[in-house]
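Asks: Please see the structure below; I have some questions.
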Amino acid sequence: MDETQDKSEAVFARAWDVISHDNSIPPEEKRAILKLIQVLVEARERFPEPRTEGEEARSITQEIVSKHSLMSTVKHQADELDALKRISLNLTSNLDLQKVLDAMVTEAMSLVKYAGSVHFYLYERGKLEFGASLDKDGLRNKPAMIPRKEGLTHTVVRDGKQIIVEDMSNHPLFRNAPAQWRGSIIGTPLKFKDDILGVMNLSRTVTGRFSRSELRLLSLLADQAAVAIYNARLYKRLNQMANTDSVTGLPNRRALDERLQEEWRLADQTGVPFSVVMMDLDGFKAVNDTFGHNVGDELLYSLFNFLAQRMRASDFLARYGGDELTLVMRNTDLEAAQNVTRKVIELMGEYRFPFPQNKDMKLGITAGVAVYPFHAKNPIDLIRAADSALYHAKKHRRGEYVIARVVTGKLNPVRINGSPLQH
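Put into structure tokens, the structure is as follows:
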């Protein structure tokens with residue numbers, strides 16, 4: 001018994017010596033292999049023929065290496081399945097394009113050993129735009145250089161094929177690239193059906209080949225990413241359609257409600273006011289009665305966009321319904337709101353519409369102004385206050401504006417020159 005135990009220990013020691021000097025096995029896995037050696041040494045009776053200590057050690061070592069190779073393959077396959085499951089969940093659980101892009105760069109960096117950085121570019125209507133990025137230090141969406149026309153990204157788009165560069169320092173695609181661009185890189189087209197939706201560039205800090213597993217996973221990620229980008233774009237287009245007025249192309253009532261909620265939250269967080277101006281197009285009924293609704297729709301499109309183009313970038317102009325417009329102005333007090341409203345009314349003097357038979361139709365704007373939080377404490381009441389002010393302006397003097405009061409207070413009609421109106 002002791003002799004058998006001594007022999008087993010000797011065989012174990014010899015096998016472990018062979019394994020420990022095998023540089024093809026990662027250091028972190030050698031302890032796990034040691035446990036397998038122990039199991040196999042205890043099962044020595046499987047080798048019935050007499051063997052020397054060295055022969056038996058080699059036989060066991062060969063079986064260990066064979067099992068290690070099988071275990072590694074199984075482990076890689078399991079890791080790939082886990083990665084695919086994670087990728088699928090991350091990319092299909094969100095329809096916000098930027099969130100999809102941020103999820104993609106995170107997944108890409110986790111798939112490749114020695115990954116240095118990953119950049120996603122979006123391609124649409126012949127133009128490449130930066131989408132998202134992540135580097136090995138965790139820095140996200142760092143402003144990227146515009147892709148060079150003769151560089152990797154444009155070449156991937158033009159050819160529609162994956163390009164692998166094992167050493168950027170001596171590759172023609174990087175001949176005029178910055179000196180710090182070193183290592184290897186792979187550019188992969190993001191294709192949905194026959195359309196290229198973008199490019200994924202992943203660089204490594206080392207030169208040489210990408211493993212077959214890495215290439216396979218990156219290709220699968222690219223396929224999933226393309227579908228996710230397509231779905232996100234489709235969702236965005238549908239959402240824009242749902243929030244856009246079909247006649248004027250301006251934001252509609254639904255979009256207005258969303259913007260008011262956004263401004264309300266922002267005002268409460270920052271303590272700054274925002275203003276709402278309800279406007280009605282004077283003379284529109286006469287246009288419809290004279291020329292019909294087709295001309296009326298053309299007038300609404302032309303005039304409302306004429307006004308929208310003259311608003312500040314931070315202003316939000318929406319069609320409220322019929323011939324009514326609503327203007328929402330961020331960080332705007334009563335004085336500023338009045339100034340803008342005056343300018344809108346004055347702009348009507350500059351506007352010209354080509355009516356049939358060169359007829360001249362008199363048009364104007366009447367408005368009601370309300371400011372949060374002075375005239376109301378929530379968006380619904382603010383709209384009501386501005387609408388009530390508009391009603392009074394239309395009733396008492398058209399072509400001017402009225403400042404709202406709180407619901408229980410008295411309204412203060414105001415002429416365009418600031419003098420009060422008489423009831």
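Numbered by this note's numbering, the letters in the sequence shown go through residues 1 to 423 in order. Glycine included, every Cβ here is placed at the ideal spot set by N, Cα and C. Since the model is a prediction, treat every value here as computed from it, not as a measurement.
1. Check each candidate in F284, Y123, L250 and name the one with the smallest Cα separation from Y320.
2. Beta strand (DSSP E) containing I185: first to last residue?
3. Taking the alpha-carbon of A103 as reference, which of A228, D159, D167 has the nearest alpha-carbon?
4. Taking DSSP as the reference, what is the three-state secondary structure of T207?
5. Which of helix, strand or coil does DSSP assign to H171?
6. Near M278, which residues of its chain fall below 6 Å by C-beta distance, leaving aside the five closest residues on each side in sequence?
7. Return the CA-CA distance between Y301 and S117, expressed in angstroms with no decimal places.
8. So, at 8 Å on beta carbons, what are the nonlocal neighbours of F304 in its own chain, with the 5 sequence-adjacent residues on each side left out?
9. Rounded to a whole number of angstroms, what is the C-alpha to C-alpha distance between H119 and D268?
10. Exposed or buried, what is P147 when buried is set at 16 or more other beta-carbons lying within 10 Å of its beta-carbon?
11. Tell me whether the beta-carbon of M361 lies closer than 9 Å to the beta-carbon of V276.
12. Hey, would you say L134 sits closer than 9 Å to T153, going by beta carbons?
13. What are the partner residues of A132, as DSSP defines its beta bridges?
14. May I have the straight-line CA-CA distance separating T332 from L347, to the nearest angstrom?
15. Considering only the beta carbon of each residue, do T207 and R182 sit closer than 9 Å?
16. Return the Cβ separation of W264 and P379 in integer angstroms, given the expectation that the two are a contact with Cβ distance under 8 Å.
17. According to DSSP, is E324 part of a helix, a strand, or is it coil?
18. In terms of residue numbering, what span does the beta strand (DSSP E) encompassing I403 cover?
19. Starting from S275, follow the alpha helix (DSSP H) in both directions and report where the run begins and ends.
20. Can you tell me where the beta strand (DSSP E) holding T366 begins and where it ends?
21. Taking the continuous alpha helix (DSSP H) assigned at V105, which residues delimit it?
22. Under 8 Å, with one C-beta from each stretch per pair, do the segment 337-353 and the segment 396-404 reach the 3-pair mark?
23. How many angstroms separate the CA atom of Y230 from the CA atom of V199?
24. According to DSSP, A386 sits in a beta bridge with which residue or residues?
25. Excluding the 5 residues flanking A13 on each side, which residues of the same chain have their C-beta closer than 7 Å to its C-beta?
26. Alpha carbon to alpha carbon, what distance is there between R125 and L266?
27. Cutting at 6 Å between CB atoms, please list the residues of its own chain near S419, excluding the five before and the five after it.
28. Mapping DSSP to helix, strand and coil, what is G271?
29. Which same chain residues end up closer than 7 Å to A242 when comparing Cβ atoms and leaving out the 5 residues on each side of it in sequence?
30. Which residues share a DSSP beta bridge with A318?
31. Please report the distance separating the alpha-carbon of A313 from that of L256.
32. Would F355 and F291 be called neighbours here (beta carbons separated by less than 9 Å)?
33. Cβ atoms of L197 and R260: under 9 Å apart, would you say?
34. Assign Y372 to one of two classes, buried (16 or more other C-beta atoms within 10 Å of its C-beta) or exposed (fewer than that).
35. For I186 versus L215, is the C-beta spacing smaller than 9 Å?
Replies: For this structure:
1. It is L250.
2. Start and end: 184-192.
3. Looking only at A228, D159, D167, the smallest Cα-Cα distance to A103 is reached by A228.
4. Note: T207 maps to coil in three-state DSSP.
5. coil
6. T326, G368, A386, D387, L390
7. 47 Å
8. T248, L250, L317, R319, L325
9. Distance from the CA of H119 to the CA of D268, rounded to the nearest whole angstrom, comes to 37 Å.
10. buried
11. no
12. It is not a contact, given that the beta carbons lie outside the stated cut-off.
13. Partner(s): F120.
14. When only Cα atoms are considered, T332 and L347 end up about 20 Å apart.
15. yes
16. 5 Å
17. strand
18. Annotation: the continuous beta strand (DSSP E) that includes I403 extends over 401-403.
19. Segment 274-282 is the beta strand (DSSP E) holding S275; no alpha helix (DSSP H) there.
20. 364-372
21. 97-111
22. yes
23. 13 Å
24. DSSP output for A386 lists no bridge partner at all.
25. none
26. 35 Å
27. Caution applies to S419, whose pLDDT of 35 falls short of 50 and renders its modelled position unreliable; the value that the coordinates give is listed next. Contacts found: none.
28. coil
29. Cβ neighbours of A242 beyond the five flanking positions: R254.
30. T326
31. 16 Å
32. yes
33. First, the amino acid is wrong: residue 260 is Leu here, not Arg. Contact flag unset, no.
34. buried
35. yes
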